[in-house]
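Everything on this sheet refers to the single structure shown next.
2 protein chains.
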Amino acid sequence: MPPDPFDLIDTPALLLDEARMMRNIDRLSARAAALGVRLRPHVKTAKSDAVARRLLGGPDGAATVSTLAEAEALHAAGYRDILYAVGIAPQKLPRVQALRAEGCNLMVLLDSAAQAEALTACHPPVPALIEIDCDGHRGGLRPEDPALVVLGRTLHAAGCLAGVMTHAGESYGVSGPQAHAAFAEQERRAVVMAAEALRAAGLPCPVVSVGSTPTAHAAQDLTGVTELRAGVYVFFDLVMAGIGVCSTDDIALSVLTTVIGHQRDKGWILVDAGWMALSRDRGTAAQAVDQGYGLVCDAMGRVLPDLIVASANQEHGIIACRPGSGANLPDLPVGTRLRLLPNHACATAAQHAGYHVLPATGGPAAFWPRFGGW
Amino acid sequence: MPPDPFDLIDTPALLLDEARMMRNIDRLSARAAALGVRLRPHVKTAKSDAVARRLLGGPDGAATVSTLAEAEALHAAGYRDILYAVGIAPQKLPRVQALRAEGCNLMVLLDSAAQAEALTACHPPVPALIEIDCDGHRGGLRPEDPALVVLGRTLHAAGCLAGVMTHAGESYGVSGPQAHAAFAEQERRAVVMAAEALRAAGLPCPVVSVGSTPTAHAAQDLTGVTELRAGVYVFFDLVMAGIGVCSTDDIALSVLTTVIGHQRDKGWILVDAGWMALSRDRGTAAQAVDQGYGLVCDAMGRVLPDLIVASANQEHGIIACRPGSGANLPDLPVGTRLRLLPNHACATAAQHAGYHVLPATGGPAAFWPRFGGW
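Right under this line is the structure:
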């Protein structure tokens, strides 16, 4: 057996399997190419230069970010085409302008006259996408809302109208490619209808942007769409496996942990990864299979069937058999090292300063730092 | 009205009201003095040199930590008396020994023969407390378990037996001073019984340690106990307010956020603090009053009644009236700044690089960095 490259790493620690990550990246890149749209991956999951390099394919790659701190980090790393995909707060415009003044083509997002008023006071103009609500999930205007064209006119008059975008956040709540394809079509229809409404009013709409990880992997036809966004697919996680977008073998991220105790009469194994290392995310709680705070694997990453992190304190995880599974608790003595697959890769990764990477080419583990904050 | 000291801070950001924090610190210090026990505050909530200085009262102060990284940071800041209160993984002993070799009196925790075997192989000896289970919450030996004295003998023979400790984690699940006092007595009884069992076997037991924030504030009598631990009381939070340990006016921590949009037909106000800024902790979900992802205050910290963060995405919070409250959604235009009180201070603080501090003496905001990792 080859030596464990993570043998010398203190626990808990965040592990990244580069080969799995590259497979995930290549899978969606191929899909986007087949669908004839540009891919604009979301960097909010990884927040890492080294991952961004692989995800965006070089400085001409288009990126989506969830914070201005991500945009600043990407721009410092040489990227120029960035969409900040959270509705803009007027107070953040000076930082947006500063990035643009340095040559970063940063676009912002908005859905209200108040935001447009702040934006159109900026000189030189800052390009904006109008957020379209396709599923009632969060922000955005409905494509049939007359406010859309009014907003479009305001933005266009100031040279700020870049297009429209939507995100089917509700697609996370349904399972299987058919259900996800239906949401993909819902995204497409809403945003194309919005683009057509703007164009019918004589306004330009060059960017027509859709996406979420479930819909991006299931979309059958993206006619009228110019770009596709997705984020968590770079690592995948148990929530995505639970709705059939990936298998557990695709999950590139895990938390390395060590057994520190037992309560044998209760069927508990205590480990040194609690919610601080795993996050408080319980995204599988509402799914068909509740994975607790994570699914347990051995130190080499092989899933131990029906063994989950049943509960978590700050620095303690309590491993137990999945209720009703009839599984037997394996003998895992104090000092045994395990890997835990996360419910939600974005949340778990954010609890760590960086990734201990199992390189795709083999060899010793590398460390890739994360950037955080706002 | 005085100028807002947080006016120039970008959102989302973590705010700390130093005057409230000092009131919380002084309150428990006075209680520990009245009960005749030494206080060993837990640094896992704040993870900050500046807070530790106020919490521990100087380099002779006793500290509890949840990670070796905290112990290393405290030792670098001059503290010498530290309890690492998570069951020791054998692989972590070299770091423990390194700290002790540098003059840090670091104690560890264990409850098994496997851990004792690893510990007693260390030279010079590393002092350990035996973890006692007082309420079935997590790790530890029951005080009547014959394994306790066997473990005590093993440790004592190697010069490692320092005492016993317990933590009534289940006290978080009950409400009011009477219920918490009952758990405090349960902690005391369990750990004093364990100490007596060791002493009856001719073993020393100098340290008898109890504590959790609810029990520490409610304990009526700590006869036989030598030290009291508590952590989250330094900031307090909605979970502690929900079980009556503090009021919302005692909560020293909040997240500053900005309104970025509305879905008025749904009664939603969107803000730029999602779970990345608030954490995924939903600790009030099982309480009498569910606070969602946080309770909303105006920019000066005054609670807006029945307004909560009803749901959260990574960088979006959705504010709405508490279901069933009959409250009216206030008019909070885009750009309005708000403060959000957290469910769980340990979890929310961990999402941030540091604290923007409203100094107790007035004046401009300070920034106190956090230390993290393991």
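Sequences listed follow chains Y and C, in order.
If you use our numbering, the first sequence corresponds to residues 1 to 374, in order.
If you use our numbering, the second sequence corresponds to residues 1001 to 1374, in order.
Using N, Cα and C, we set each Cβ at its ideal position, and we do this for glycine too.
With a cut-off of 8 Å on the beta carbons, I'd call residue i and residue j a contact; round off their distance for me.
{"i": "Gly-1317(C)", "j": "Val-1271(C)", "result": "4 Å"}
{"i": "Leu-99(Y)", "j": "His-75(Y)", "result": "6 Å"}
{"i": "Val-191(Y)", "j": "Ile-132(Y)", "result": "5 Å"}
{"i": "Gly-1448(C)", "j": "Leu-1307(C)", "result": "Residue 1448(C) lies beyond the range of chain C shown here (1001 to 1374); nothing can be said about it."}
{"i": "Ala-195(Y)", "j": "Val-164(Y)", "result": "5 Å"}
{"i": "Thr-1067(C)", "j": "Glu-315(Y)", "result": "6 Å"}
{"i": "Thr-1215(C)", "j": "His-1180(C)", "result": "6 Å"}
{"i": "Met-1193(C)", "j": "Pro-1143(C)", "result": "4 Å"}
{"i": "Tyr-233(Y)", "j": "Thr-257(Y)", "result": "With a Cβ gap of about 25 Å, Tyr-233(Y) and Thr-257(Y) do not count as contacting."}
{"i": "Ser-29(Y)", "j": "Leu-39(Y)", "result": "6 Å"}
According to DSSP, what are the bridge partners of residue i?
{"i": "Cys-1321(C)", "result": "Leu-1307(C)"}
{"i": "Gly-1087(C)", "result": "Leu-1109(C)"}
{"i": "Asp-17(Y)", "result": "Leu-358(Y)"}
{"i": "Thr-64(Y)", "result": "His-42(Y), Leu-83(Y)"}
{"i": "Trp-268(Y)", "result": "Gln-263(Y)"}
{"i": "Thr-1166(C)", "result": "Ile-1132(C)"}
{"i": "Arg-48(Y)", "result": "Reading the sequence as shown, one finds Ser at residue 48(Y) and not Arg. Ser-48(Y) is not bridged to any residue."}
{"i": "Glu-1161(C)", "result": "In the sequence as presented, Glu is not what sits at residue 1161(C); that position holds Leu. In the DSSP output, where bridge partners are listed per residue, Leu-1161(C) has Ala-1128(C)."}
{"i": "His-312(Y)", "result": "The sequence shown places Ala at residue 312(Y), rather than the His named in the question. The partner list for Ala-312(Y) (beta bridge, DSSP) reads Gly-317(Y)."}
{"i": "Leu-228(Y)", "result": "Leu-39(Y), Val-210(Y)"}
Is DSSP giving residue i helix, strand or coil here?
{"i": "Asp-81(Y)", "result": "strand"}
{"i": "Ser-378(Y)", "result": "Residue 378(Y) lies beyond the stretch modelled for chain Y, which goes from 1 to 374, so this question has no answer here."}
{"i": "Asp-298(Y)", "result": "strand"}
{"i": "Arg-339(Y)", "result": "strand"}
{"i": "Leu-198(Y)", "result": "helix"}
{"i": "Pro-1041(C)", "result": "coil"}
{"i": "Thr-1223(C)", "result": "coil"}
{"i": "Pro-214(Y)", "result": "helix"}
{"i": "Gln-1263(C)", "result": "strand"}
{"i": "Tyr-1293(C)", "result": "coil"}
{"i": "Phe-1236(C)", "result": "coil"}
{"i": "Leu-1141(C)", "result": "strand"}
{"i": "Pro-369(Y)", "result": "strand"}
{"i": "Val-1174(C)", "result": "coil"}
{"i": "Ala-116(Y)", "result": "helix"}
{"i": "Leu-151(Y)", "result": "helix"}
{"i": "Val-208(Y)", "result": "strand"}
{"i": "Leu-8(Y)", "result": "coil"}
{"i": "Leu-203(Y)", "result": "coil"}
{"i": "Pro-1094(C)", "result": "helix"}
So the candidates are the options; which of them puts its Cα closest to the Cα of residue i?
{"i": "Leu-1447(C)", "options": "Gly-1169(C), Arg-1027(C), Thr-1248(C)", "result": "Because chain C is modelled from 1001 through 1374, residue 1447(C) falls outside the range shown and cannot be assessed."}
{"i": "Ala-1162(C)", "options": "Leu-1015(C), Thr-1215(C), Tyr-1084(C)", "result": "Tyr-1084(C)"}
{"i": "Val-1259(C)", "options": "Val-1210(C), Leu-1338(C), Thr-1215(C)", "result": "Leu-1338(C)"}
{"i": "Asp-265(Y)", "options": "Arg-1138(C), Ser-1254(C), Leu-1341(C), Val-1309(C)", "result": "Arg-1138(C)"}
{"i": "Arg-1027(C)", "options": "Val-1245(C), Gly-1354(C), Ser-1311(C)", "result": "Val-1245(C)"}
{"i": "Asp-1010(C)", "options": "Tyr-172(Y), Pro-94(Y), Ala-118(Y)", "result": "Pro-94(Y)"}
{"i": "Thr-1223(C)", "options": "Ala-1032(C), Asn-1024(C), Asp-1017(C)", "result": "Ala-1032(C)"}
{"i": "Gly-87(Y)", "options": "Leu-1238(C), Leu-1228(C), Asn-1313(C), Leu-1106(C)", "result": "Asn-1313(C)"}
{"i": "Ala-1394(C)", "options": "Gln-1291(C), Phe-1006(C), Ala-1013(C)", "result": "This structure does not reach residue 1394(C), given that chain C is present from 1001 up to 1374, and the question cannot be answered."}
{"i": "Gly-173(Y)", "options": "Gly-294(Y), Ala-114(Y), Ile-243(Y)", "result": "Ile-243(Y)"}
{"i": "Asp-1081(C)", "options": "Ala-1063(C), Gln-1097(C), His-1352(C), Leu-1129(C)", "result": "Ala-1063(C)"}
{"i": "Arg-1229(C)", "options": "Ala-1184(C), Ala-1360(C), Ala-1113(C)", "result": "Ala-1184(C)"}
{"i": "Leu-141(Y)", "options": "Gly-1261(C), Ile-1251(C), Ala-1182(C), Ala-1147(C)", "result": "Gly-1261(C)"}
{"i": "Gly-335(Y)", "options": "Leu-1015(C), Ala-1113(C), Ala-1327(C), Arg-1023(C)", "result": "Ala-1113(C)"}
Answer with buried or exposed for residue i, where buried requires no fewer than 16 other C-beta atoms within 10 angstroms of its C-beta.
{"i": "Gly-283(Y)", "result": "buried"}
{"i": "Thr-1348(C)", "result": "buried"}
{"i": "Leu-1008(C)", "result": "exposed"}
{"i": "Arg-20(Y)", "result": "buried"}
{"i": "Arg-280(Y)", "result": "buried"}
{"i": "Pro-1342(C)", "result": "buried"}
{"i": "Ser-1325(C)", "result": "exposed"}
{"i": "Arg-370(Y)", "result": "buried"}
{"i": "Asp-111(Y)", "result": "buried"}
{"i": "Gly-375(Y)", "result": "Only positions 1 to 374 of chain Y appear in the structure, and residue 375(Y) is not among them; the question remains open."}
{"i": "Gln-220(Y)", "result": "exposed"}
{"i": "Met-300(Y)", "result": "exposed"}
{"i": "Ala-168(Y)", "result": "buried"}
{"i": "Gly-1058(C)", "result": "exposed"}
{"i": "Asp-1237(C)", "result": "buried"}
{"i": "Ala-1320(C)", "result": "buried"}
{"i": "Gly-1292(C)", "result": "buried"}
Members of the region 1300 to 1321 of chain C near chain D, C-beta cut-off 8 Å: Going by chain labels, chain D is absent from the structure shown, which instead holds the protein chains Y and C.
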